[in-house]
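Okay, so here's the structure we're looking at.
Residue numbers (this note's numbering): 105 to 407.
Below, the structure is given as structure tokens:
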């Protein structure tokens, strides 16, 4: 086992992050559960070869803690995005065996899960307060332990946690507002050699993420910059995210552009990657355009 790569994920065992990591690596990795998303990222600096971060949810949107970590200067340099994984999310309401819904005082879960199940909670547990914890599995673990007031808490987590933490029972299944609920995870690595159990290449589009920033006072506008990404290669922008710059002036922003290349098909030329060629051209033009504003655009990773 010691020769296997170490994969850090948002723990404890039983989180959706754990499920996604296992679907990517199966038994070809060692798993290191971490207390927070930040701890998961920082594990890359203390021996882990991979870190899996929840990036966005189809109902609740972007995971702020995760995307803010992508502002770090190490991402795109010593750390690269090398893949992603999307899994279906089925939230369950868990209590200690014998506890009635009317007796529940507090509902514990990750903020994303609380948001996704807000309608159910308002209807069935309007009397209970809602408390954010770092992960869904930690919520289940606390309810299972039943220490102090936690004995009268409920947890929103996956059904797999019932097998991991004793004394729990499921009192509600599929309690999220939208049944087609998916979470997308991004995989970070300190190695250029990556072996995943992900979907076959023919089922996925090649992708890349570019990060750049420019001061609010710049003459350039975002519309000006986006013209750089327009050409006839078949590559396109699939999403744009904006966050406050970590090291800029007040109200300066950093942008994350997710690019998608054409889907490979049976007639594709082996070894020919239109996205790679497109990305090289885009980065040259982007560096020229942003040079006067002391901004250095960075490719955070391709997969």
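Glycine residues also receive a C-beta, built at the ideal position from the N, C-alpha and C atoms. As the structure is a prediction and not an experimental result, all values here were calculated from the model.
Can you name, in chain order, every residue of its own chain whose Cβ lies under 6 Å from the Cβ of residue 275, other than the five neighbours on each side? 197, 199, listed in sequence order.
Please list the terminal residues of the continuous beta strand (DSSP E) segment that includes residue 355. Careful: residue 355 lies outside any beta strand (DSSP E) and carries neither H nor E.
Applying the 10 Å Cβ sphere with the 16-neighbour rule, what's the burial state of residue 334? It counts as exposed.
Enumerate, from N- to C-terminal direction, the unbroken alpha helix (DSSP H) stretches of 4 or more residues contained entirely within the segment 215–261. With a minimum length of 4 residues, the continuous alpha helix (DSSP H) runs that stay inside the segment 215–261 are 215–220, 222–228, 240–249.
For residue 201 and residue 175, the rounded distance between their alpha carbons: Whole-angstrom Cα-Cα distance: 44 Å.
If you draw a straight line from the alpha carbon of residue 164 to that of residue 403, how long is it in whole angstroms? Linking residue 164 to residue 403 through their CA atoms gives a straight-line distance of about 26 Å.
Proximal residues to residue 356 (C-beta, below 6 Å), its chain only, five neighbours per side dropped: These residues qualify, in order along the chain: 319, 320, 349.
How is residue 386 classed by DSSP in three states: helix, strand or coil? Secondary structure of residue 386 (DSSP, three-state): helix.
Decide if the segment 232–249 is in contact with the segment 113–121; the criterion is three or more beta carbon pairs, one per stretch, under 8 Å apart. Counting Cβ pairs under 8 Å, three or more are found: they touch.
Taking the Cβ atom as the reference point for each residue, do residue 277 and residue 153 lie within a distance shorter than 8 Å? A distance of 8 Å or more separates the beta carbons of residue 277 and residue 153.
Exposed or buried, what is residue 395 when buried is set at 16 or more other beta-carbons lying within 10 Å of its beta-carbon? Result: exposed.
The segment 259–272 in contact with the segment 130–144 per 3-pair CB rule at 8 Å: Segments in contact, no.
Return yes when the Cβ of residue 173 is within less than 8 Å of the Cβ of residue 111, no when it is not. Residue 173 sits away from residue 111, with the two beta carbons spaced by 8 Å or more.
With C-beta atoms as the reference, is residue 314 less than 8 Å away from residue 361? Contact: yes.
Beta bridge counterpart(s) of residue 192 as assigned by DSSP: Within the DSSP secondary-structure output, residue 192 pairs in a beta bridge with 286.
I need the straight-line Cα distance from residue 312 to residue 219, nearest angstrom please. Distance between the alpha carbons of residue 312 and residue 219 is about 29 Å.
May I ask you to report which of helix, strand or coil DSSP gives residue 158? In the structure shown, residue 158 falls within a strand segment according to DSSP collapsed to helix, strand and coil.
Have a look at 316, 268, 206, 179 and flag the residue whose alpha-carbon is nearest the alpha-carbon of residue 389. Nearest of 316, 268, 206, 179 to residue 389, Cα basis: 316.
Can you give me the start and stop residues for the alpha helix (DSSP H) that residue 269 sits inside? No alpha helix (DSSP H) contains residue 269, which DSSP labels as neither H nor E.
Which residues in the same chain as residue 217 place their Cβ atom closer than 7 Å to its Cβ, once the five residues preceding and following it in sequence are excluded? Closer than 7 Å at Cβ, skipping near neighbours: 195, 240, 260.
Which one or two residues does DSSP pair with residue 311 in a beta bridge? As a beta-bridge residue in DSSP terms, residue 311 pairs with 364.
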